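A short write-up of the structure that comes next.
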Amino acid sequence: MIDPLWAALLPAAYLAADACLFTRFEMEHRRIALRLAGLPESLAGKRILQLSDLHVGEWTYKEVFIRHRIRECRADLVAITGDLISNTRGIQPALDLLEGISAPLGVWFVPGNNEIEEIALEPFIEKLGKLGIRTLVNEAAPLADGAWICGVNDPSLEKDDLTRALEKVPPKAFRLLLAHSPEIFYQASDSGVELTLSGHTHGGQVRLPYLGALWADTQRSGLEFVMGHYRRARSQLHVTRGVGTSMLPLRFLCPPELLEFELLEG
């Protein structure tokens, strides 16, 4: 005879395990309107697709789905904010995923901790370049009239140099910053960066009701910027939950996402 306590616990345990294991496959494609002070007319109404933390290890249906969504979206700019791959096995599948992807304002990449720690970064950057993808490592480039795009090396490994990245940007230009980890946001806002896009945290990957994320690999900012939208003075930050997983192949109350931003004046 089954113990009544076990009879009550087993269904709950099954549902919890099911949620943890299968939430990671429930991809959301979210569209967010961002009102930004000082947005130049050249960027008004433009759409940015942000991809982050794909952690590609091999070619799966997930990569097929993402490739389809990128093409379907037809964004004006594609921003890849690091941890595109998990290891060397993911290099070719990641390149296959991005082959043929283009956008009027470019496809841009900044490295995450995995690109720095798991693979030879420079050869990977060269391969991305052959696909027309521009990598920004503590540097900036003109984006549109009155606007620049900036990118830093991974803040979670303390390889970022925002001062160097901004040194060539005209003082009155609108600045879009790509950074793998949101740990840079205080410095970015102090430097007057209008919009920062980050990932790295996976939204905590496992979140509990009322408590939220229990952990995020962000030593410099703790759990302050784990997912979603943040404001500080005139600066805004958006942290995506990303697509993949790390350490454990599960998510709970924290589904993966692709983000599409529409930039609006205001």
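The numbering used here numbers the first residue of the sequence shown as 86 and each following residue consecutively. Glycine residues also receive a C-beta, built at the ideal position from the N, C-alpha and C atoms. All of these numbers come straight from a predicted model, not from anything done at the bench.
{"Query": "To the nearest angstrom, how far is it from the Cα of residue 332 to the Cα of residue 272?", "Result": "29 Å"}
{"Query": "Excluding sequence positions up to five away, which residues of its chain have a Cβ less than 8 Å from the Cβ of residue 320?", "Result": "270, 273, 274, 277, 278, 279, 280 and 281"}
{"Query": "Is residue 117 buried or exposed, if buried means 16 or more other CB atoms sit within 10 Å of its CB?", "Result": "exposed"}
{"Query": "Checking 7 Å against the spacing of the C-beta atoms, do residue 314 and residue 167 come in under that value?", "Result": "no"}
{"Query": "Compute the distance between the beta-carbons of residue 128 and residue 262, then report whether it is under 7 Å.", "Result": "no"}
{"Query": "Let me know the secondary structure DSSP gives residue 290 once reduced to three states.", "Result": "coil"}
{"Query": "Give me the residue from 211, 223, 204 and 228 with the minimum Cα distance to residue 174.", "Result": "204"}
{"Query": "According to DSSP, which residues form a beta bridge with residue 193?", "Result": "164 and 219"}
{"Query": "Is residue 201 near the ligand GDP, in the sense that its beta carbon is under 6 Å from a heavy atom of that ligand?", "Result": "Within the structure as shown, the ligand GDP is missing, as the structure has no ligands at all."}
{"Query": "Report the rounded CA-to-CA distance for residue 176 versus residue 208, giving the unit in angstroms.", "Result": "10 Å"}
{"Query": "If I follow the unbroken alpha helix (DSSP H) through residue 250, where does it start and stop?", "Result": "247 to 251"}
{"Query": "Would you mind sorting residue 122 into buried or exposed? The rule is 16 or more other CB atoms within 10 Å of its CB.", "Result": "exposed"}
{"Query": "Is there contact between the segment 180 to 193 and the segment 216 to 236, where contact requires at least three CB pairs shorter than 8 Å?", "Result": "yes"}
{"Query": "When you compare each of 224, 293 and 255 to residue 244 by their alpha carbons, which one comes out closest?", "Result": "224"}
{"Query": "Quick check on residue 251: buried or exposed, where buried means 16 or more other Cβ atoms within 10 Å of its Cβ?", "Result": "buried"}
{"Query": "Straight-line CA distance for residue 316 to residue 322?", "Result": "6 Å"}
{"Query": "Helix, strand or coil: which one does DSSP assign to residue 106?", "Result": "Model confidence at residue 106 stands at a pLDDT of 48, short of 50, so the residue's coordinates are unreliable; what they give is reported in the following sentence. Here residue 106 sits in helix by DSSP."}
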